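Line by line, the protein sequences are chains A and B. Numbers 1 to 598, taken from this note's numbering, label the letters of the first sequence in order. Numbers 1001 to 1598, taken from this note's numbering, label the letters of the second sequence in order. Here a beta-carbon is modelled for each residue, glycine too, at the ideal position from N, C-alpha and C. Predicted, not measured: the structure shown is a model, and the values here were computed from it. A short worksheet on the structure shown next.
2 protein chains.
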Amino acid sequence: MVTNEGTPFEGRILRVAGAQIRNVVGDLGGNAERILAAMREAEEAGADVLVFPELALTGYPLADLVQRDEFVDAAMATLDELARSSGRMASVVGTISRVPARRSWDVRDRDIANSAAVLCDGQLRGVYHKLMLPNYEVYDEARNFAPGSRPDALWRVGEAVAGISICEDLWSGDGPPESQAAAGAEILLVPNASPFHQEKPAGRRALVTEVARRNGTPVVYVNCVGGQDELVFDGGSLVLDAEGELLHRSPQFETESFCVDVPLGPPRRTAGQATTVHARPPRAREPLPPPAKPAAEISADEQVWHALVLGIRDFLANNGRNSAVLGLSGGIDAAVTAAVAADALGPENVIGVAMPTPDSPEDELHDAEALSVGLGIEFHVIPLAGITAAVRRGLDELLGGAPDERPSEALAARTRAAILWTISDQLGHLSLATGNKTELAVGNAAVYGDMAGVFAPLKDCPKTLLYRLALLRNERGPAIPKRIIDRPPTVRADTYGELPGYAVLDPIVERYLERGEALDDLVAGGFDAPLVRRVLQLVDDSEFQRRQMAPGVKITSRAFGQDLRMPITNAWRPYAGDHEPPIEVPLNPVRGDPPGAE
Amino acid sequence: MVTNEGTPFEGRILRVAGAQIRNVVGDLGGNAERILAAMREAEEAGADVLVFPELALTGYPLADLVQRDEFVDAAMATLDELARSSGRMASVVGTISRVPARRSWDVRDRDIANSAAVLCDGQLRGVYHKLMLPNYEVYDEARNFAPGSRPDALWRVGEAVAGISICEDLWSGDGPPESQAAAGAEILLVPNASPFHQEKPAGRRALVTEVARRNGTPVVYVNCVGGQDELVFDGGSLVLDAEGELLHRSPQFETESFCVDVPLGPPRRTAGQATTVHARPPRAREPLPPPAKPAAEISADEQVWHALVLGIRDFLANNGRNSAVLGLSGGIDAAVTAAVAADALGPENVIGVAMPTPDSPEDELHDAEALSVGLGIEFHVIPLAGITAAVRRGLDELLGGAPDERPSEALAARTRAAILWTISDQLGHLSLATGNKTELAVGNAAVYGDMAGVFAPLKDCPKTLLYRLALLRNERGPAIPKRIIDRPPTVRADTYGELPGYAVLDPIVERYLERGEALDDLVAGGFDAPLVRRVLQLVDDSEFQRRQMAPGVKITSRAFGQDLRMPITNAWRPYAGDHEPPIEVPLNPVRGDPPGAE
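Spelled out as structure tokens, the structure:
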């Protein structure tokens, strides 16, 4: 329990606790246990109010699970149990609730809200319903939720008057926080489920500061922690005073309970009716002891590392697994995947398998082995030659021509995937794909090959980032062989001609996909026009490949998948020359940076 | 050009043409050509107004393609060209357009509307913006579109006053059509992009009838035709008079132009301002000749067959392919997939490959060959034994124990998939997966195995439907061997015990997934409680497998994928006994109905 001293007791304070907890989608029992434990701890610390993350009881995001009546019933019954367990302290618990059916943006009635329930004295005192339902990028809250309709709801806790907003409600500039402050809220309590990407933490801090200053109210911003499918929630909860000064910041990527004395300033006049949570006068009490310093901010690349580790760990844990198998090629992708997995699961729970073809250079096999030694993971070698030769012999009649004993890279990649899945099937390890965002963007990923696996941790990591991550990991002691980091990556020569190095490719891809820049913008930004056309054409061509890829951790502002959803069939090819729009099934990456085992 | 007689010329008529065209997402040039051709044809037929489907110019659904400014610019420029080509007839063209940025359900500004542009006399006369943006099931229009704000917009075409609504606008019961009729609309023109599922055509007819009767206005409902990724638009456009009587019905699953004299009844008083499209008095003209009879309604299973054929054909065509390869097991799934593909592409463009293991019964191989003869498709046999034995030998050291020369079904299925992809890579045929909805629902599909392919036509077809489809296909002449249809399917014995036959399994799955029924509903419906628990548990367990499957044709009211989106990690297991929630990576279907080659 982290506490602060509070400002000198010149005025009224509200003692606010926050529970930056991990919750799991659908795990009503487990989430309720974690909520109850936090309620007991905060009550003991003498908190007046305890704030949980958004949908803390149900997990986030719920997608169509909200449509299951029996799930909604179970969540509401569990909330009732939590209410009965509540004490003198008010608890603000994110959950779903039934509301009168309403129509908004379409003709479908919706009767489930994304809510914050206020529990106190063994009872449910009231429920706030989120008004702003984000429906872009990874969010689809307008799909299943009914919006709330009371932006100015107020809550009286003893002598304090609080407003409650949920996540997106905060971001409008003219939304519930503003309505609540205008109506007399002296403090804003904000449950959140805010997933990580590289620019998120700084944006979040700036936003919360602005809300506090604009409204002249302290803000208690509580986020959750943990991996949920493709999202990682990074915590970093914040408590700011009415001037926007930081009273507390929770660490990222780990759970934390905190309790802070928040100064409220002079009482405000309240417009409208506040729901009374309780009307007891504040107890006489000493200010809290001196504060722990706010959690240190960590570097951008460190944040990514933590996100990847947490993403793998929780995906496996949530699905009852604790060990992983992956292909080791001697390349950087496999090296970083293995290192992240070793940090997430412990090296003893990671199995690396090298699957060289006759073309694979000896030194890459040695590097793969050196990597496994550096990380302390299990290592096996399964030569592919016999297997792919058997496939080729089977195909000779059909394909005609002279038997080709050297497999295509795509066949090698798919054979590797089949082997890894068989190991997974037989031994219960979860198979990790090693592909990165850049190759996924430009179509340099064999379907069922290098993107094949139950989870693809690096799916949203640009290639150039992987080198930085490898160097970062080695700062803790040499683990990834220097030769792997130093070897220049090979970029495939595709059907449209030679591609540039990743130092050029990555910014083009980022600006096209994440910034929404088009050809003209990129050329104005100094990139070569024919080159940009070729890269954008490749990105447009390869949506199909991205549709069947394994899930992985979102770390950029736009990740492939739910976050960036393009039609598979899209005849719009503004960057095409006289090329036919192909489905790029045949993939023949040049050797040196082979897919499938990397 | 289909025409009708119109009712006897007792009053004013509006001569309305409809263009039930195929359009392709992103194909601005091709879509514009098709639009222009329809405009010329209808103008020649003397139509007063021509109605196109929703987003006819851009294709539907657009997903995040709407976020590309350069695409929006290109669409708007193409619309300007179409406007310049317009003549004396008014054309209602579905497209996207820029509108002042607005916020609605979240804090994101949106400035692109889903619109209907009204073109006449070489000019763009105005634009209606869709108000109701469906955001459920396969629809995500609240993701990127700004809603319109003028439900009562009216359009004066000569002496007639028309209202325009777009698709979902029609379904509210108290939406734009009602506002427009109240404001004086004498006819409702409705562009649609309404995708097929089994219950859709009847629902559509009932709805349009109700709208006509409620408002006392004729309704011209124009739908598009064609496959777009997982959706098939089935046409079936409708023209109803003010009493809701059918004046015209277009066929399903094919394009059609029509032109109908629609009686308007006595003039109405117009409230508010109607935008004048043109103010010319009607030309003296003869009523149109006697109508063709409305297109015949086809049986439910025939509709599914057509949807599958169109879905495959357009997916391939849209992606520049015209030939397909698939595995032939001798089972019903592969038989129906092959027959649909032969109908879609021509038998000469379909290649079947049998890939038997040493365990595969001789008669199934013979059936596979007989099927290829019956359909007239190419046939090859590639025995798996040598290949899977090579994999096993490679794995012996790692897996330990005695070498297992008989591959698991999962390994066989994945090996088959790798072989088919290699053929696809080398010869350019697109690979079709053969899995069905039932096995996908209960987790009886090997990832990268039987659901592996570029397209999975039967992905949304319950197993029992496949037998009906096979019999239907054979009515045109024997093609699918009787032995394939007669052989009882084998249902795997899973970790939770023996499953029932498909005649029991399919209704449970349908009621759970499509009707939203829970355990209690199903038990009340007469199903055995322990059995239902086991089936629902299997469905809940296997979401992970469904995340990496190939796209396929939606034919039921809820298809897996975008339409029915569950979290991968979902700890809510109300039907679990003391089983751990597993990721069902190991899949060991019993033989007889083998996955992967079926």
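Count the other CB atoms within 10 Å of the CB of residue i; is the residue buried (16 or more) or exposed (fewer)?
i       : result
Q1020/B : buried
Q562/A  : buried
V1051/B : buried
Q228/A  : buried
L1471/B : exposed
R1416/B : buried
D1234/B : buried
Q273/A  : exposed
A456/A  : buried
F1009/B : Interpretation of F1009/B is limited by its pLDDT of 38, a score under 50 that renders its predicted location unreliable; no figure is taken from the coordinates.
V72/A   : buried
R269/A  : exposed
R1476/B : exposed
D1359/B : exposed
Between residue i and chain A, is any beta-carbon pair separated by less than 7 Å?
i       : result
F1052/B : no
Y970/B  : Limits of chain B in this structure are 1001 at one end and 1598 at the other, which puts residue 970/B out of reach.
P1589/B : Model confidence at P1589/B stands at a pLDDT of 28, short of 50, so the residue's coordinates are unreliable and nothing is read from them.
E1070/B : yes
A1146/B : no
N1023/B : no
Q1548/B : yes
A1063/B : yes
Is the Cβ of residue i closer than 7 Å to any Cβ of chain B?
i      : result
D111/A : no
A518/A : yes
E168/A : yes
N570/A : yes
P567/A : yes
V16/A  : no
N215/A : no
So which residues of chain A does residue i contact, with C-beta pairs closer than 9 Å?
i       : result
T1422/B : V391, R392, L395, L399, P407, S408, A410, L411 and R414
K1151/B : The amino acid occupying residue 1151/B in the given sequence is Pro; Lys does not appear at that position. Under the 9 Å cutoff, chain A gives no residues; its nearest Cβ is about 13 Å from P1151/B.
For the beta strand (DSSP E) that residue i lies in, which residues bound it at each end?
i       : result
T276/A  : A274 to H278
V391/A  : Note, V391/A: premise wrong, no beta strand (DSSP E); alpha helix (DSSP H) at A385 to L399.
W1155/B : L1154 to V1157
R214/A  : Note, R214/A: premise wrong, no beta strand (DSSP E); alpha helix (DSSP H) at K200 to N215.
P1347/B : Note, P1347/B: premise wrong, no beta strand (DSSP E); not H, not E.
I1164/B : A1160 to I1164
By the DSSP assignment, the alpha helix (DSSP H) with residue i in it spans what residues?
i       : result
D367/A  : E362 to L375
F1052/B : Careful: F1052/B lies outside any alpha helix (DSSP H) and carries neither H nor E.
H380/A  : Premise fails: H380/A lies in the beta strand (DSSP E), E378 to V381, not in any alpha helix (DSSP H).
Within the same chain, show all residues whose beta-carbon is closer than 6 Å to that of residue i, passing over the 5 residues directly before and after it, in chain order.
i       : result
S1323/B : N1349 and H1429
V219/A  : L188, V208, V211, A212 and L240
R1313/B : A1344
R12/A   : L264
Please work out which residues of its chain come closer than 7 Å, Cβ to Cβ, to residue i, disregarding the five sequence neighbours upstream and downstream, and give them in chain order.
i       : result
V599/A  : In this structure chain A extends from 1 to 598, so residue 599/A is not present and cannot be described.
A624/A  : As shown, chain A starts at 1 and ends at 598. That puts residue 624/A outside it, with no answer to give.
L1036/B : L1082 and S1085
T1464/B : Y1502, A1503 and D1506
Find the residues of chain B that neighbour residue i, judging by a C-beta separation of less than 8 Å, and give them in chain order.
i      : result
A380/A : Looking at the sequence provided, one finds His at residue 380/A rather than Ala. Going along chain B in sequence order, the residues near H380/A (Cβ under 8 Å) are E1397 and L1398.
I387/A : I1387, A1390, V1391 and G1394
I419/A : V1391, G1394 and L1395
Can you name the residues of chain B whose CB is closer than 9 Å to the CB of residue i?
i      : result
D106/A : M1132, L1133, P1134, N1135, Y1136, Y1139, E1141, A1142, E1168, W1171 and S1172
G30/A  : A1571
F315/A : I1568 and T1569
Sorted by chain position, which residues of the same chain lie with C-beta nearer than 8 Å to residue i's C-beta, five sequence neighbours on each side aside?
i      : result
I423/A : V325, I351, V353, H429 and S431
I568/A : E543, F544 and R547
Please list, in chain order, the chain A residues whose beta carbon lies closer than 8 Å to that of residue i.
i       : result
P1195/B : Correct list: empty, because the minimum Cβ distance to chain A is about 13 Å.
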